[in-house]
Structure formats: C-alpha cells, structure tokens
Amino acid sequence: MKAFIGWAGWVSSPGMDGARSAGLWTGLAVGMTLFFWWAILRVRLQVGPDGIVAVNPWGTHRLGLDEVTSVRLGAWGAEFHHADGFKTTAYALSELASGSSQEGRFVELLAVLKADSTRSPRDA
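Residue numbers (the working numbering): 40 to 163.
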C-alpha cells in the first residue's frame, strides 16, 4: 500500500525523492512477496519405502520409517514423533501450504504409512 501511495504521489509531483521512496517500498513489497511465495510453495512431504522426507521452509528432515513411533495431526501439519521424545513437523500438510483441509491429507498420509509398514521386504 505504501508503494502505491508513493507512486501516486510521484505521478502528481515527480521528483527524485518521491521516486526513491516509492521504489524502495516497491522493492520491499516484491522481496517479501517472493520470500513468502518461496517459503510456502517449497514445502513438500514424501513417504516411501526408504523413509519420510519432509521439506519445510527452514530445512529438510529425513526419517526412517522405523524411527517414527506415532503420527499425529498438529496445528502446523503432520507431527512425526520419535522414540527419543523429539518430533518432526511436516508443514506440507498445513492449510497454509496447500489451501485445503489438512484432515483429508492426513488420512491419506496414514493410509500410505500403513501400506508401507504392511509391505513385506520382498515387495520392496
């Protein structure tokens, strides 16, 4: 909004100070938009026979299926609880990341985890 007001003011009375201020606010708005776009769209969750890979905005977590003792749906996505008491959250299931209900995706995740845990070693 500040960039829009700055450019509107520059149009009504062009000057270097007005252009500099409007350009600064435009750059900040574009930078913040690109950062949040990158942070939200970058997240993903992969589950397979090799384990779980949760790519979150601030890092990638790799877990073996045998490391996970339970899976719960938390406020920010799926929470993979470890035997040592720690947990890893997969933000890819959060409503912020996909814009849809996380309960349905959580049910799909549980089905995939159950299918992978019941698969025999010769099936892999």
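Using N, Cα and C, we set each Cβ at its ideal position, and we do this for glycine too.
All figures in this text were calculated on a predicted structure; none of them were measured in a lab.
Taking the alpha carbon of residue 166 as the reference point, which residue from 106, 108, 83 has its own alpha carbon closest? Residue coverage of the chain in this structure runs from 40 to 163, which leaves residue 166 outside it and unanswerable.
Do residue 107 and residue 119 count as a contact pair if the criterion is CB distance below 8 Å? yes
From the DSSP secondary-structure annotation, give me the bridge partner or partners of residue 93. Residue 93 is bridged to 84, 100.
Taking buried to mean at least 16 other C-beta atoms within 10 Å of its own C-beta, is residue 116 buried or exposed? buried
Extent of the continuous beta strand (DSSP E) to which residue 129 belongs: 126-129
Based on Cα-Cα distance, which residue from 73, 94, 77 lies nearest to residue 132? 94
State buried or exposed for residue 162, treating a residue as buried only when at least 16 other CB atoms are found within 10 Å of its CB. Model confidence at residue 162 stands at a pLDDT of 37, short of 50, so the residue's coordinates are unreliable and nothing is read from them.
Kindly indicate which residue of 77, 147, 121, 60 has the alpha-carbon position closest to the one of residue 96. 77
Contact set for residue 160: own chain, Cβ-Cβ below 8 Å, skip 5 residues either direction: With a pLDDT of only 45 at residue 160, under the threshold of 50, the placement of this residue in the model should not be trusted, and no figure is reported.
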